[in-house]
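Quick notes on the structure that follows.
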Amino acid sequence: MSLSVQDPAVVSDLPDLRDFSIGEIASAVSPEMADIMRRIIIDPERPAVSAFNSSI
Amino acid sequence: MPGRAIPFRQVVLKVCSRCDLACDHCYVYEQADQSWRRRPKVITEETVTRTAERIAEHARYHALPAVRVILHGGEPLLAGVARLRRICEILRREVERVCDLDLRIHTNGVLLDDGFCQLFAEQQVMVGISIDGDRASNDRHRRYADGRSSYDQVVRAIGRLRDERYRALYSGLLCTIDVLNDPVLTFDALAALEPPLIDFLLPHATWDNPPPRPGGSATPYADWLIAIFDRWMEEPGAVPVRMFESIFRTMHGADSLTEALGLNPSDVVVVETDGSIEQVDSLKVAYEGAPETGFDVFRNTLDEAAGHPSITARQLGLAGLCDTCRQCPVVTSCGGGLYTHRYRTGTDFDNPSVYCADLMKLIRHVRGRLAPVAAHPAQRPSGHAIPAKHLDALAAGYGDDQAVGYLVESQRSLRRVMLGLLREQVNARTLTASDSAMFNAGWELITYLDKDNKATLDEVLAHPYMRAWATHCLGTMNASAAVSTGDVTHLAAIAAAAAIRSGRDVQLEVPVREGGVHLPTLGRLHVGRAATATITIGCDGFEVKTEDGQWPVALAAADGSAQPANWQPIRALVAERATMALEDTDPYRDCHQWPAASRLSADQAESWQRLYRQAWTLIESEHGVYAPGLAAGLSTIMPMANDEPSREISAAARQAFGAIGAALPLTADILALLMIHEFQHVKLGAIFDLFDLCDHRDRRLFYAPWRPDPRPLEALLQGTYAHIAVTDFWRVRRHYLSGSEAETAATEFALWRRHTAEAIETLATSGSLTPLGMRFAEGMRATVTPWLDEPVAPGADDSARRRAQRTRSAWEERRGSDR
Numbered sequence: 055m056s057l058s059v060q061d062p063a064v065v066s067d068l069p070d071l072r073d074f075s076i077g078e079i080a081s082a083v084s085p086e087m088a089d090i091m092r093r094i095i096i097d098p099e100r101p102a103v104s105a106f107n108s109s110i
Numbered sequence: 035m036p037g038r039a040i041p042f043r044q045v046v047l048k049v050c051s052r053c054d055l056a057c058d059h060c061y062v063y064e065q066a067d068q069s070w071r072r073r074p075k076v077i078t079e080e081t082v083t084r085t086a087e088r089i090a091e092h093a094r095y096h097a098l099p100a101v102r103v104i105l106h107g108g109e110p111l112l113a114g115v116a117r118l119r120r121i122c123e124i125l126r127r128e129v130e131r132v133c134d135l136d137l138r139i140h141t142n143g144v145l146l147d148d149g150f151c152q153l154f155a156e157q158q159v160m161v162g163i164s165i166d167g168d169r170a171s172n173d174r175h176r177r178y179a180d181g182r183s184s185y186d187q188v189v190r191a192i193g194r195l196r197d198e199r200y201r202a203l204y205s206g207l208l209c210t211i212d213v214l215n216d217p218v219l220t221f222d223a224l225a226a227l228e229p230p231l232i233d234f235l236l237p238h239a240t241w242d243n244p245p246p247r248p249g250g251s252a253t254p255y256a257d258w259l260i261a262i263f264d265r266w267m268e269e270p271g272a273v274p275v276r277m278f279e280s281i282f283r284t285m286h287g288a289d290s291l292t293e294a295l296g297l298n299p300s301d302v303v304v305v306e307t308d309g310s311i312e313q314v315d316s317l318k319v320a321y322e323g324a325p326e327t328g329f330d331v332f333r334n335t336l337d338e339a340a341g342h343p344s345i346t347a348r349q350l351g352l353a354g355l356c357d358t359c360r361q362c363p364v365v366t367s368c369g370g371g372l373y374t375h376r377y378r379t380g381t382d383f384d385n386p387s388v389y390c391a392d393l394m395k396l397i398r399h400v401r402g403r404l405a406p407v408a409a410h411p412a413q414r415p416s417g418h419a420i421p422a423k424h425l426d427a428l429a430a431g432y433g434d435d436q437a438v439g440y441l442v443e444s445q446r447s448l449r450r451v452m453l454g455l456l457r458e459q460v461n462a463r464t465l466t467a468s469d470s471a472m473f474n475a476g477w478e479l480i481t482y483l484d485k486d487n488k489a490t491l492d493e494v495l496a497h498p499y500m501r502a503w504a505t506h507c508l509g510t511m512n513a514s515a516a517v518s519t520g521d522v523t524h525l526a527a528i529a530a531a532a533a534i535r536s537g538r539d540v541q542l543e544v545p546v547r548e549g550g551v552h553l554p555t556l557g558r559l560h561v562g563r564a565a566t567a568t569i570t571i572g573c574d575g576f577e578v579k580t581e582d583g584q585w586p587v588a589l590a591a592a593d594g595s596a597q598p599a600n601w602q603p604i605r606a607l608v609a610e611r612a613t614m615a616l617e618d619t620d621p622y623r624d625c626h627q628w629p630a631a632s633r634l635s636a637d638q639a640e641s642w643q644r645l646y647r648q649a650w651t652l653i654e655s656e657h658g659v660y661a662p663g664l665a666a667g668l669s670t671i672m673p674m675a676n677d678e679p680s681r682e683i684s685a686a687a688r689q690a691f692g693a694i695g696a697a698l699p700l701t702a703d704i705l706a707l708l709m710i711h712e713f714q715h716v717k718l719g720a721i722f723d724l725f726d727l728c729d730h731r732d733r734r735l736f737y738a739p740w741r742p743d744p745r746p747l748e749a750l751l752q753g754t755y756a757h758i759a760v761t762d763f764w765r766v767r768r769h770y771l772s773g774s775e776a777e778t779a780a781t782e783f784a785l786w787r788r789h790t791a792e793a794i795e796t797l798a799t800s801g802s803l804t805p806l807g808m809r810f811a812e813g814m815r816a817t818v819t820p821w822l823d824e825p826v827a828p829g830a831d832d833s834a835r836r837r838a839q840r841t842r843s844a845w846e847e848r849r850g851s852d853r
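Protein chains in written order, with my numbering: chain A, 55 to 110; chain B, 35 to 853.
Spelled out as structure tokens, the structure:
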């Protein structure tokens, strides 16, 4: 994710969709949104960080 | 630090070293490097064959699915139709034995006649053409040696490519920027030629030879491109512009489409007409011989060239940039600009781009014009924001309920987007009629509840394994057209769970998985072999019906009503200020690296409850700084299978925010430690969902003191962040223990503070942390550094030092044997 630093808050490009209905979101899926999600959820290049385990 | 060689996926093959134009901005003939004078005018068949063999060898070694070869010059059409045909045939013969060949040519176009077009159609060669805009713009530089304009010939050539017969060959136009030209007129002239893509090229320049800046403007190139960008944005569906598309893509973490922007490792190599293997052509503007590697296709493999220091220097992403660039807020989009443009005598390429101010202004303008998502035109959403003080608390390894609350809220957006994407992807595929009906009914119910009882729906969507399910579905659909429909119909079960919790009267079909109806956040009802079940929901419970039976389930069994024996509700782990779900039924919970335990017996659940209450009391009393964050963000503990009772097992998963997995340990203090440790991973995973902390293109592997194997940077960051809490746990715990237990705790503290501090320095000096990543490294360092001065018994410190040395030595030995 890219970010812009606007002190005192740090802003992500993950859109704040809490006030958008799921129907609205589904009807407006954009390439940018798909890019964001592809990066977050199904990036096959990042398997090493998809899960962690520890044996302390 | 070991790493894998990055293969070349694009080969620029110089088929002719001379040109029929004399453009005064050409980097081949008009700049520092004059090596063209020593090259053969035209490549020989022997050189082409050897090059093709080298490409095939390279593709085979790296198992590349495809390689792009771009025929280039000078002017490649000067090679003539017959020679170009032979070149294409040789390349296809050798390379296509191993992988797909994407064959292209880039030309000034003046010789492009029907003969060439027919050849390119036969050989499937995509054609790109250089043109700088309208007639006046183009004629400013692109002229013959005698001063004649080339414009008419080029436009005629483009006309051929726009013809129906050759349209499929037309790959785009390349325009070198001259800020004396009118930007909008230039763009409109190019767009009128209907290219599938426009590529704007900043004129090659270095700090030694900066670009012209007429009129004294500090950012004429940004101003020129911004004028085009604004014009371009006025027309939805306008021709793609590679530079703008790349800025969009890199805003969201995707790869750039050009080596002039972004942090992608360079994957281009050049083969000259004499077979020399060289770096990218643009380096010719830096100094005489700058692109040289000393290798050639007759004596060297492409892998040897891939290991050349000058080539690997362009593959380091963030770590390959100067300090100024690494601290820059737009570095993920800019990537330091084109490597060549960073050159300055004395510091070589360790500088920002000579176009730094222009790139900064352009990228900020583009970002400012774009909402993060093109959703509702009237109310485009802003991005999730975390106040600096809370982000810094998280960076230090902590974060209270408010700080973690920001992460929880961002996950709400994320899950809504996931549902939207899932709906879109399901719509694009064909399900069976019954699965389609089930999915659509679930979707309708969810959208209804979203309006009717959003808070309750959000509680169900917040279930950790809802995201694991959606991830699984989207990943499956992304990888293959074949959809596992049993998975997507789980949406109906999610909708049913939300409806039950809302007490809405509704009836719908839900899937049966492994003999059960699964209702996220509620539990599982065993129903036998049926494929689907009908669930009827009322205000005080629900009833499930299949062909084999019918089972009523009361929601609040506190009234004493009996529950069916086949109903397995989610149990709660209860402590005074933190109640969590003991999740042992969800079908998507098995997403951690250790396997999930099957449904716990009543006695096992009671053991969990007893230990959990003790662990939570210990967390609040001894490690109170972690308690508010845990209570706010950790909702679920998932029991794991453990075939070695003495072994402590725990895990977190990026796709299951809010959950940790653990096998029930022997003692409450270890459960407290596992919870604190794993929740660090949960927090940092959610931060990764929001921000880039490091350059994920950096493929180097690093020493992680807690692992036998070297780790990628992001994984090292995760481990370091988690071990801050481990160190802190023992730091505090040792004061509450006595005797040998206190000694053990002191040794653990001494060991982990040493390991964690070392890992923080590895991160901080990697060069691949983003500015925000550095902020995290500094936050972690500020937490751990004072701990290094805390006194511990000499025996504990000695023991820790010996253990740390043994760990490091073992790693060094393994590293040596792997070489």
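Think of the CB as a built atom: it goes at the ideal place given N, C-alpha and C, for glycine as much as any other residue.
Keep in mind that this is a model prediction, so the values were computed, not measured.
Tell me whether residue i is buried or exposed, calling it buried when 16 or more other Cβ atoms sit within 10 Å of its Cβ.
i: E617 of chain B; result: buried
i: D461 of chain B; result: Going by the sequence as given, residue 461 of chain B is Asn instead of Asp. That one is exposed.
i: Q60 of chain A; result: Unreliable positioning characterises Q60 of chain A in this predicted model, as indicated by a pLDDT of 42, which lies under 50. A coordinate reading is not provided.
i: D426 of chain B; result: buried
i: H769 of chain B; result: exposed
i: G193 of chain B; result: exposed
i: Q584 of chain B; result: exposed
i: P411 of chain B; result: Legend: pLDDT at P411 of chain B = 38, less than 50; position of this residue unreliable, value from coordinates given subsequently. By the 10 Å Cβ count, P411 of chain B comes out exposed.
i: V304 of chain B; result: buried
i: M614 of chain B; result: buried
What are the boundary residues of the alpha helix (DSSP H) that includes residue i?
i: C209 of chain B; result: Looking at the DSSP string, C209 of chain B is not in any alpha helix (DSSP H); the run it does join, the beta strand (DSSP E), is Y204 to T210.
i: A816 of chain B; result: P805 to L822
i: L224 of chain B; result: P217 to A225
i: I480 of chain B; result: A467 to D486
i: K423 of chain B; result: A422 to A429
i: E712 of chain B; result: A702 to L724
i: G369 of chain B; result: Element bounds for G369 of chain B: n/a, residue is neither H nor E.
i: E458 of chain B; result: D435 to N461
Name, please, each residue of chain A whose Cβ falls closer than 9 Å to the Cβ of residue i.
i: A419 of chain B; result: Q60, A63, V64, V65, S66 and D70
i: V522 of chain B; result: By Cβ distance, chain A contributes nothing, its closest Cβ being about 14 Å from V522 of chain B, past 9 Å.
i: M160 of chain B; result: Within chain A, no residue comes near M160 of chain B; the closest Cβ sits about 23 Å away, beyond 9 Å.
i: T481 of chain B; result: S75, I76, G77 and A80
i: K485 of chain B; result: S75 and G77
Could you give the residue range of the beta strand (DSSP E) that holds residue i?
i: F576 of chain B; result: G575 to T580
i: S164 of chain B; result: V159 to S164
i: S641 of chain B; result: Note, S641 of chain B: premise wrong, no beta strand (DSSP E); alpha helix (DSSP H) at A636 to E656.
i: H552 of chain B; result: G550 to L553
i: S310 of chain B; result: S310 to E312
DSSP has residue i in a bridge; who is on the other side?
i: V544 of chain B; result: B:A567
i: M674 of chain B; result: B:A630
i: R376 of chain B; result: In the DSSP output, where bridge partners are listed per residue, R376 of chain B has none listed.
i: M87 of chain A; result: Bridge partners of M87 of chain A: none, in fact.
i: L291 of chain B; result: For L291 of chain B, which the question treats as bridged, DSSP gives no partner whatsoever.
i: K48 of chain B; result: B:H106
Could you work out which residues of chain A lie near residue i, taking near to mean beta carbons separated by less than 7 Å?
i: M472 of chain B; result: Residues of chain A passing the Cβ test: none, with the nearest at roughly 17 Å.
Applying a beta-carbon distance threshold of less than 8 Å, which residues of chain A neighbour residue i?
i: D677 of chain B; result: Neighbours of D677 of chain B on chain A: none; closest Cβ ~13 Å, over 8 Å.
Review point. Is the region 46 to 57 of chain B close to the region 142 to 157 of chain B, with three or more CB pairs under 8 Å?
Key: yes
Point to revise | the region 443 to 459 of chain B: positions lying closer than 8 Å to chain D by Cβ | key: Annotation note: the requested chain D is absent from the structure, which comprises protein chains A and B.
Check your understanding: Are the region 255 to 263 of chain B and the region 212 to 231 of chain B touching by the rule of at least three beta carbon pairs closer than 8 Å?
Key -> yes
**Study point:** Touch test, the region 829 to 846 of chain B against the region 773 to 791 of chain B, Cβ-Cβ under 8 Å, three pairs minimum
**Key:** yes
Exercise for review: Examine the Cβ distances between the region 731 to 742 of chain B and the region 840 to 848 of chain B and report whether three or more of them are shorter than 8 Å.
Suggested key: yes
Review point. Below 8 Å, can you find three or more Cβ-Cβ pairs linking the region 714 to 734 of chain B to the region 669 to 677 of chain B?
Key: no
Review point. Quick one: any contact between the region 275 to 283 of chain B and the region 240 to 257 of chain B, if contact means 3 or more CB pairs under 8 Å?
Key: no
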